[in-house]
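Let me begin by presenting the structure, written as structure tokens, before commenting on it.
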Amino acid sequence: MKKLLSIITIWLCSTICAQSQIFTSSAIPDSIWATMQGKTWNKNPYIKRSDLRYLRISHIDLEGRTHVGEMVCNKLIAEKLLAIFSELYKAHYPIQQMRLPDVYDADDERQMRANNTSCFCYRNISESKNLSKHARGLAVDINPLYNPYIRYSKKDGSQIVEPANARKYINRTAKFPYKITRNGLCYKLFTKYGFIWGGAWRTKKDYQHFEFNVR
Numbered sequence: 002m003k004k005l006l007s008i009i010t011i012w013l014c015s016t017i018c019a020q021s022q023i024f025t026s027s028a029i030p031d032s033i034w035a036t037m038q039g040k041t042w043n044k045n046p047y048i049k050r051s052d053l054r055y056l057r058i059s060h061i062d063l064e065g066r067t068h069v070g071e072m073v074c075n076k077l078i079a080e081k082l083l084a085i086f087s088e089l090y091k092a093h094y095p096i097q098q099m100r101l102p103d104v105y106d107a108d109d110e111r112q113m114r115a116n117n118t119s120c121f122c123y124r125n126i127s128e129s130k131n132l133s134k135h136a137r138g139l140a141v142d143i144n145p146l147y148n149p150y151i152r153y154s155k156k157d158g159s160q161i162v163e164p165a166n167a168r169k170y171i172n173r174t175a176k177f178p179y180k181i182t183r184n185g186l187c188y189k190l191f192t193k194y195g196f197i198w199g200g201a202w203r204t205k206k207d208y209q210h211f212e213f214n215v216r
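Position 72, counted from 1, in the sequence shown is what the working numbering calls 73; the numbers after and before it change by one each time, with no gaps.
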């Protein structure tokens, strides 16, 4: 009897968890669009509101707590992202938080310091006049505090770490939470769906970054 009750309990928990999972894609709601103005969104000739999608995504943090995150991305990768994050959720892959960058006034340093996972933000590549893949909603940064962007100054060649409080995570042989590696599920899923990992770049390393190239 106890065994039967245990089986029923496990089944009920699995059913409830499955029903509570949220992985949805929709056009940008008016309320979200209003919030984006002057922050992640600025008038431009390259990408329109209709090119973007608003995602709601269930994810689990390191403590095992479930959250429903928000993300804006290009419609070309919306379904790919839902499939990836669904697999990450099932595997209990930890993502600390997933809030729209507008919460941080589209300040990339601020949101990286907060370890915020995000996608769309109309901005240039750091220390560059070229548009970032994020400006087209074609790049995702995962757990950025623990997976920093490491580049070298064009002025004096000095090493720059972004976010600035992530210097202790540039040693990729060290053990720490939320770390993305080639052997990890996050890397395997994103590359499976055609994304390129910034951690594999030669002259700079962007361990948080996965981008999709549209042909």
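Built from N, CA and C at the ideal position, the CB exists for glycine as well.
Asked                                                                                                                                                                                       : Found
Measure the CB-CB distance between residue 119 and residue 126 and report whether it falls below 7 angstroms.                                                                               : no
Relative to the alpha-carbon of residue 112, which residue among 31, 40, 27 and 67 has its alpha-carbon at the smallest distance?                                                           : 40
If we require 4 or more residues per run, which alpha helix (DSSP H) segments fall completely within the stretch 105 to 157?                                                                : 109 to 114
Exposed or buried, residue 10, counting other C-beta atoms within 10 Å across all chains shown (16 or more means buried)?                                                                   : Because residue 10 carries a pLDDT of 41, less than 50, the predicted location of this residue cannot be relied on, and the following value inherits that uncertainty. By the 10 Å Cβ count, residue 10 comes out exposed.
Leaving out the 5 sequence neighbours to the left and right, which residues in its chain are closer than 8 angstroms to residue 63 when beta-carbon positions are compared?                 : 95, 97, 178 and 179
Give me, in chain order, the residues of the same chain whose beta-carbon lies closer than 7 angstroms to that of residue 123; leave out the 5 immediate sequence neighbours on both sides. : 41, 42, 43, 45 and 136
So, with DSSP's three-state summary, where would you put residue 58?                                                                                                                        : strand
Using 8 angstroms as the threshold, is the stretch 146 to 160 in touch with the stretch 198 to 211, meaning 3 or more CB pairs across them?                                                 : yes
Skipping 5 residues on each side, what residues in its chain have a beta carbon closer than 6 angstroms to that of residue 101?                                                             : 71
Excluding sequence positions up to five away, which residues of its chain have a Cβ less than 6 angstroms from the Cβ of residue 12?                                                        : Its pLDDT being 44, under 50, residue 12 is placed unreliably in this model, and the value from its coordinates should be taken loosely. Answer for residue 12: no residue qualifies.
Helix, strand or coil: which one does DSSP assign to residue 75?                                                                                                                            : strand
For residue 131, which residues in the same chain have their Cβ closer than 7 angstroms to its Cβ, ignoring the five residues on either side in sequence?                                   : 125
Which residue marks the beginning of the beta strand (DSSP E) containing residue 25, and which one marks its end?                                                                           : 24 to 27
Quick one: what's got a C-beta closer than 7 angstroms to residue 162's C-beta in the same chain, skipping five residues either side?                                                       : 149, 151, 168 and 171
Where do the ends of the alpha helix (DSSP H) carrying residue 33 lie?                                                                                                                      : 31 to 37
Report the option in 193, 121, 188 and 68 whose CA atom is closest to the CA atom of residue 33.                                                                                            : 121
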